[in-house]
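Colleague: Got a structure for you, questions after.
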Amino acid sequence: MTTFSVVSERPDFPKLEEEVLEYWRKINILKLTLEKTKGRPNYSFYDGPPFATGLPHYGHILAGTVKDVVTRYATQKGYYCERRFGWDCHGLPVEHEIDKQLNITSREDVLNKGIDFYNESCRSIVLRYTQEWKSTVERVGRLIDFDNGYKTMDLNFMQTVWWVFKQLFDQNLVYRAYRVMPYSTACATPLSNFECNLNYKDVNDPSVIITFPLLEDPNIQFLAWTTTPWTLPSNVAIAVHPEKKYLYFKTNHSNDITYVVAESRLEWVLSELKIKEYNIISDCIGAELHNKKVIPLFDYFKNHESSHQFWKILADNYVTDNTGTGIVHMAPAFGEDDYRVCVSNGIIDNHGTNLPCPMDSNGRFTEPVSDLKGIWFKDSDKIIKQELKKKSRLLTDNTCMHSYPFCWRSDTPLQYRAVPSWFINVESLKDKLLINNEKTNWIPNYVKEKRFHNWLQDARDWCVSRNRFWGTPIPIWVSEDYTIIKCIGSIEELKSLASNLKDEEINDIHRHFIDYIEIPDPRGNNYPPLKRIEEVFDCWFESGSMPYASINYPFENQELFNNIFPADFVGEGLDQTRGWFYTLMVLSTALFDQPAFKNIIVNGLVLASDGKKMSKRLKNYPDPLDIVNKYGADSLRLFLINSPVVRAETLRFKEEGVKDVIKDVLLPWYHCYRFFVQEAIRYENTNHNIKFKSNKQVIKNTNNIMDKWIYSEAQSLLKFVKTEMDAYRLYNVTPRLISFLDTLCNWYVRLNRDRMRGIYGMNDTKNSLEILYQVLMLTVKLLSPFIPFTCELLYSNLKNALIDELEEEKPESVHLLLIPEVEEEFIDKKIEEAINQLREIIVMGRNLREKKKVSVKTPLKSINIVHKDKSVLDYLVESKLINYIKEELNILQVITDNNSEFEKITKLVATPNFKVLGSRLGKSMKDVTNYIKNEMNNEIIQQFLKDGIIKIHGYELNLDEIIIQTVVDNNSVIDMNNEIIYEGSSQFVIGLDFTSDIEFENMAYSRELANKIQKIRKEKNMDPDANVTIYLQLISNKNESKKFHTVMTSYNDYLQKIIRKPIKEISDSELLNSIKDRLLFECEIEVGMDDKVNVIVIKN
1 MTTFSVVSER PDFPKLEEEV LEYWRKINIL KLTLEKTKGR PNYSFYDGPP FATGLPHYGH
61 ILAGTVKDVV TRYATQKGYY CERRFGWDCH GLPVEHEIDK QLNITSREDV LNKGIDFYNE
121 SCRSIVLRYT QEWKSTVERV GRLIDFDNGY KTMDLNFMQT VWWVFKQLFD QNLVYRAYRV
181 MPYSTACATP LSNFECNLNY KDVNDPSVII TFPLLEDPNI QFLAWTTTPW TLPSNVAIAV
241 HPEKKYLYFK TNHSNDITYV VAESRLEWVL SELKIKEYNI ISDCIGAELH NKKVIPLFDY
301 FKNHESSHQF WKILADNYVT DNTGTGIVHM APAFGEDDYR VCVSNGIIDN HGTNLPCPMD
361 SNGRFTEPVS DLKGIWFKDS DKIIKQELKK KSRLLTDNTC MHSYPFCWRS DTPLQYRAVP
421 SWFINVESLK DKLLINNEKT NWIPNYVKEK RFHNWLQDAR DWCVSRNRFW GTPIPIWVSE
481 DYTIIKCIGS IEELKSLASN LKDEEINDIH RHFIDYIEIP DPRGNNYPPL KRIEEVFDCW
541 FESGSMPYAS INYPFENQEL FNNIFPADFV GEGLDQTRGW FYTLMVLSTA LFDQPAFKNI
601 IVNGLVLASD GKKMSKRLKN YPDPLDIVNK YGADSLRLFL INSPVVRAET LRFKEEGVKD
661 VIKDVLLPWY HCYRFFVQEA IRYENTNHNI KFKSNKQVIK NTNNIMDKWI YSEAQSLLKF
721 VKTEMDAYRL YNVTPRLISF LDTLCNWYVR LNRDRMRGIY GMNDTKNSLE ILYQVLMLTV
781 KLLSPFIPFT CELLYSNLKN ALIDELEEEK PESVHLLLIP EVEEEFIDKK IEEAINQLRE
841 IIVMGRNLRE KKKVSVKTPL KSINIVHKDK SVLDYLVESK LINYIKEELN ILQVITDNNS
901 EFEKITKLVA TPNFKVLGSR LGKSMKDVTN YIKNEMNNEI IQQFLKDGII KIHGYELNLD
961 EIIIQTVVDN NSVIDMNNEI IYEGSSQFVI GLDFTSDIEF ENMAYSRELA NKIQKIRKEK
1021 NMDPDANVTI YLQLISNKNE SKKFHTVMTS YNDYLQKIIR KPIKEISDSE LLNSIKDRLL
1081 FECEIEVGMD DKVNVIVIKN
């Protein structure tokens, strides 16, 4: 029995992955991993909780793959790494689903059905898709603990959220205020500023100019511009800039009416009015208009308690003159600056008690705006414009395209609306936040330095309250007038203070279980008891509390928390810089004055192939599981992880990209592994008493330069991967791994396959196979975090050769192996450089053949290799690397020359680095480019290379700004043999001699013959080790060519070396009949332009 199992020629990767998955389930790979690594240093990782109300998409798979790679690598490095999945159970996504399901359209609908019924309905769907999530996440190879995951709706989690809030409250970081906030009418709740930024859209909105006549002289009319007509019924003032100049002007059609606009906006206003002729009457500074009264647009608020203060002109610096008319209409209920300016001018009070806000919680008009009662705010624009037109107050009615925020959950337009809310005073933490941000390592770094830094720099106080039902209730009990505010930090504290709880236990702290609980007013029995406020937490506050709440800290696990905080690593998408990353940082800074994490990888967004957002409605992307079932999870993982998306850039998802991973990466590597197993089995079968086994000492025993090279490259790779993975730069690791696989499969194995097949003796075969085994095992270890299925598959067979190793060195799974130490002593940069030069020569030679359209099967007379440094050429000869050049390029003779020839047949060429120079040179780019391309000759370039700087048209340019290349000088080689074609690089110039003669034609014929015989054997699935003789019979010969007979006579040794079977010519029909009884198969082929040959395979 051989050491290795036979490997299938045509792998079905999805099916093989399913088998690996079943094996992992059988051995309980996650439990096994944690058991085997217990006692090692902790590596802490926080998994951001997704909502389970929808199915996982490519964004989840991408982020999950990044996290899986990093945590698997941490285990390889010798850490103990728990990975618990988490679920975000509260908030708008869940409520929105229930609202649709129960046809709920308003807050009153919820109250009518009962908060208990509503919340339990939410609870029933929270984990609707958990099984689908689990199966998908497992299928894509992510190692994560679902069974011990955390849920934000669990009692322990919610209690810790209370504790976190209490700490902030005790630090005086919590306050209640009337603020204009982004507000979702569909969800009937304010949103935080970062939620508002999640869903901006370009929309067409009204663009109208309305008139505000001066009360003392109605013929003077101030022109205000707005894109939100729905706010006009709530107008209480207009605003101008105190320092800007305002013009009074008349038009030919305005009769006695004088219009007033900002001087800088006159041209735009005239274009909107479609008026060319006008007369400026006078002007004034905005401050002179302050407190003048104007006539209201509507009479809805004429009886308002503060109406005597309404409808004034106010002067404030926030007014701009780069859009509109330079005059702003003010509705303090629906604008942040409107609210501020109206409060500061005494039009409304700071508590919002006299705020004109004629809308219900779902954005529908209420009294006193009776004409619009019950109409949703965005549906009212047309009616309002019609009313204004009747009143002759609508001057223009146009539209404009602008960016407007939409609710990230319901996808409906937001309002900016004044609501009483609870805030965290983030602005007071700003300096600490910026300092803590500097303590973290972000990949890519620019997200930290620019996007996140700027967001922290401009941080505003965080609205953490939501006027909703399904969430963690904010633990604040208040008196009716809010003069007494009590914050609760635990269930025990609530039980100790409650007056109406009796001996009841608290097993759930959702609203319908605790809203009835009262706390005595500390001022005495003469005051009503304190009651809980209605609001619940923003679900981002819950996810930001995850480092503490997921382990029920501080109520237990205090020692564990001290060991795992801050987290070694977190990772999510770019959108979380204003979401989870932000809330983690704010809360950890407020609680411990530390960042919540040390390292972070930020991935970009995965878009559809057309560059648009992936949409279920548009069906513009393939289902992730369909891709996995078609190509396998490893190909999807590698496609995602080896793309710009791991640099926080966008990725257009293309199915062909996943398919290409199989074709270009997995299949070549698999066939390299299959080739090794096939040759190892042959080695064992040939040497009956020898078993193939791992030999780590082989590198010390081999003298073959190719063995030393690939081992050196492998150790260099190991060193690079460890350095880059330790720095979390995955985007550098995967390209290098893939490049190495190409080096291994298409260079080392290709150039050494004859050694492994036994052509050069058993000792050479043994060494080359043992080296290949060691390198394959190393690639399996290095790639296992990235493509875990394929690596497990290969390891399961390759580990059979680990005969002499200790049990811990050959565990049940590749994912239990430690990453090896770098063997620095076997890294030989000279050999690596030499083989890279060899590869460069071979690639150039192939390119030349392609240009001449001469197949590699056609032998060529010679190759002339020229290099500046003679020692480089000498090494190629001394190390016998030139033999590989002969073999790969099918060349009879290799000629080397020195640097004098190099200088003769090459020249230096300069080209501008447009990417660097474009922004710097501007209009001068054309002149500078012309000089660089046409005036910089060899002499000037040589001087430039020496000085490192050159002055062109007044600009000093350096070596980064001008690209210098070495190319073949066609003028120098034009007089040489026309059949010698040259190709050059910065190091080498090669010349291939394409002169043809009869010897080379015969050689080409023999190569074609051998190739076609091999193809037949493959098509017939012939066992490579079958004991057979191959007979060749010439059937027809059009031009009576003697090539067939010449080749069978003079090139028979070559044929037998390639095919590795006896090759005989047969022409005697009687002899042919005598061997027919041992016939395995026969097949007719065409060779060259003239011959038809019958291939007869006979069993010996």
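FYI, the UniProt record's numbering numbers position 478 of the sequence shown as 478, with every residue one higher than the one before it.
Idealized CB from N, CA, C, for every residue including glycine.
1. Please list, in chain order, all residues of the same chain as MET725 whose beta carbon is under 7 Å from its beta carbon, the five residues on each side excluded.
2. Reducing DSSP to helix, strand and coil, say where ARG340 ends up.
3. If you follow the alpha helix (DSSP H) that TRP540 is part of, which residue opens it and which one closes it?
4. Taking 8 Å as the cut-off, decide whether the C-beta atoms of GLN1033 and ASN1094 are in contact.
5. Ends of the beta strand (DSSP E) at ILE863?
6. How would you label residue 1108, buried or exposed, when you count the other beta carbons within 10 angstroms and need 16 or more for buried?
7. Alpha carbon to alpha carbon, what distance is there between PRO229 and PRO368?
8. Just curious, the beta strand (DSSP E) that TYR278 is in, first and last residue?
9. Relative to the C-alpha of PHE565, which residue among SER44, PHE4 and LYS36 is closest?
10. Cα-Cα, which of CYS400, TRP455, ARG40 and THR472 is closest to HIS90?
11. Hey, how far is the Cα of ASP623 from the Cα of THR650?
12. Less than 7 Å between C-beta atoms, sequence neighbours within five positions excluded: which residues of the same chain meet that for ASN148?
13. Can you look up MET1089 in the DSSP assignment and give me helix, strand or coil?
14. Indicate the three-state DSSP secondary structure (helix, strand or coil) for ALA63 in the structure shown.
15. Considering only their Cβ atoms, is the gap separating LYS166 from GLU488 smaller than 8 Å?
16. Measure the Cβ-Cβ separation of PHE675 and GLU684 and say whether it is below 8 Å.
17. For the beta strand (DSSP E) containing MET181, name the first residue and the last one.
18. Looking at the structure shown, is MET401 part of a helix, part of a strand, or coil, going by DSSP?
19. Quick one: any contact between the region 319-330 and the region 376-385, if contact means 3 or more CB pairs under 8 Å?
20. Can you tell me which of the three DSSP states ASP975 falls into?
21. Could you check whether ILE220 and VAL260 sit closer than 8 Å to each other, using their CB atoms as the reference points?
22. Is the separation between the beta-carbon of TRP442 and that of ILE600 shorter than 8 Å?
23. With distances taken from CA atoms, which of GLU935, ILE1058 and ASN1037 is nearest VAL1087?
24. Can you give me the Cβ contacts of GLY544 inside the same chain, cut-off strictly under 6 Å, excluding the 5 residues immediately before and after it?
25. Quick one: is ASP975 buried, meaning 16 or more other Cβ sit within 10 Å of its Cβ, or exposed?
26. Any beta carbon of chain B sitting closer than 8 Å to that of LYS613?
27. Is ASN148 helix, strand or coil when you go by DSSP?
28. Using the Cα positions of LEU198 and LYS292, report the straight-line distance between them to the nearest angstrom.
29. For the region 591-645, which segments carrying the alpha helix (DSSP H) assignment without a break, of at least 4 residues, lie completely within its bounds, in sequence order?
30. Can you tell me where the alpha helix (DSSP H) holding SER1036 begins and where it ends?
31. Are there three or more Cβ pairs, one per stretch, closer than 8 Å when the region 121-132 is compared with the region 451-466?
32. Hey, how far is the Cα of residue 1170 from the Cα of PHE469?
33. Does the Cβ of PRO1024 have 16 or more other Cβ atoms within 10 Å, making it buried, or fewer, making it exposed?
34. As an exercise, report each continuous alpha helix (DSSP H) stretch of at least 4 residues that is fully enclosed by the region 105-135, in chain order.
35. Does the Cβ-Cβ distance between SER207 and PHE334 come in under 8 Å?
Modeller: Answer, in terms of the structure:
1. TYR73 and VAL733
2. helix
3. 539-544
4. yes
5. 860-867
6. Because the chain here runs from 1 to 1100, residue 1108 falls outside it and cannot be looked at.
7. 17 Å
8. Segment 278-285, the beta strand (DSSP E) holding TYR278.
9. SER44
10. THR472
11. 19 Å
12. Correct list, in chain order: ARG84.
13. Coil, per DSSP.
14. helix
15. The identity of residue 488 in the sequence shown is Ile, whereas the question assumes Glu. It is a contact, given that the beta carbons lie within the stated cut-off.
16. no
17. 174-184
18. strand
19. no
20. Confidence in ASP975 is poor, its pLDDT being 49 and thus under 50, which makes the residue's placement too unreliable to answer from.
21. yes
22. yes
23. Closest option to VAL1087, Cα to Cα, is ASN1037.
24. THR583, LEU584 and LEU587
25. Annotation note: pLDDT 49 at ASP975 (below 50); position unreliable, coordinate value reported separately. Burial call: exposed.
26. Protein chains in the displayed structure number just one, and chain B is not present.
27. If DSSP states are grouped into helix, strand and coil, ASN148 belongs with the strands.
28. 41 Å
29. 624-631 and 633-641
30. It is not in any alpha helix (DSSP H) - SER1036 instead sits in the beta strand (DSSP E) that spans 1028-1037.
31. no
32. Outside the shown range of the chain (1 to 1100) lies residue 1170, about which nothing can therefore be said.
33. exposed
34. 107-113 and 115-126
35. Taking 8 Å as the Cβ cut-off, SER207 and PHE334 do not qualify as a contacting pair.
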